[in-house]
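Enquirer: This is the structure, below, for whatever I ask next.
Numbering (the numbering used here), first residue to last: 1 to 119.
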């Protein structure tokens, strides 16, 4: 299963900021590069990690996301595509976050890993 999403870096940054001590499993959401010598290399997440990540993602609510959402901070950190995003696109952002959640749910159901391509 693969995820291709132009705003994946924004969603990933939000998810990373939602981590609590008990949800350190979300550290694995960025995956492992297939080719560590290629900056643009797709990344993979093993099936056993997909299930743990999915369980953590399912606990995250839209209210929690809104509470930590800070597009200015993302711009300052040069998060990919943050310059093209503003708060008026909230529904678009949530659509992508739900797409990520659904991808992890489906991969968990099929006991699959996930390939992430940020481009």
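Think of the CB as a built atom: it goes at the ideal place given N, C-alpha and C, for glycine as much as any other residue.
Here the structure is a predicted model, which means the values were calculated and not measured.
1) Determine whether the beta carbon atoms of residue 29 and residue 53 lie at a separation below 8 angstroms.
2) Find out if the Cβ-Cβ distance for the pair residue 92, residue 57 is shorter than 8 angstroms.
3) Is it right to say residue 45 is buried, meaning 16 or more other beta carbons lie within 10 angstroms of its own, or is it exposed?
4) By a C-beta neighbour count over all protein chains shown, 10 Å radius and 16 as the cutoff for buried, is residue 107 buried or exposed?
5) Going by C-alpha to C-alpha distance, which of 62, 113, 33, 84 sits closest to residue 95?
6) Could you say which of 42, 48, 116, 35 lies nearest to residue 100 if we only look at CA atoms?
7) Is the beta carbon of residue 97 closer than 8 angstroms to that of residue 82?
Expert: So, from the listed chains and residues:
1) Cβ distance < 8 angstroms, so residue 29 and residue 53 count as in contact.
2) no
3) buried
4) buried
5) 62
6) Minimum Cα distance to residue 100 is reached at 116.
7) Against a cut-off of 8 angstroms, the Cβ pair of residue 97 and residue 82 comes out as no contact.
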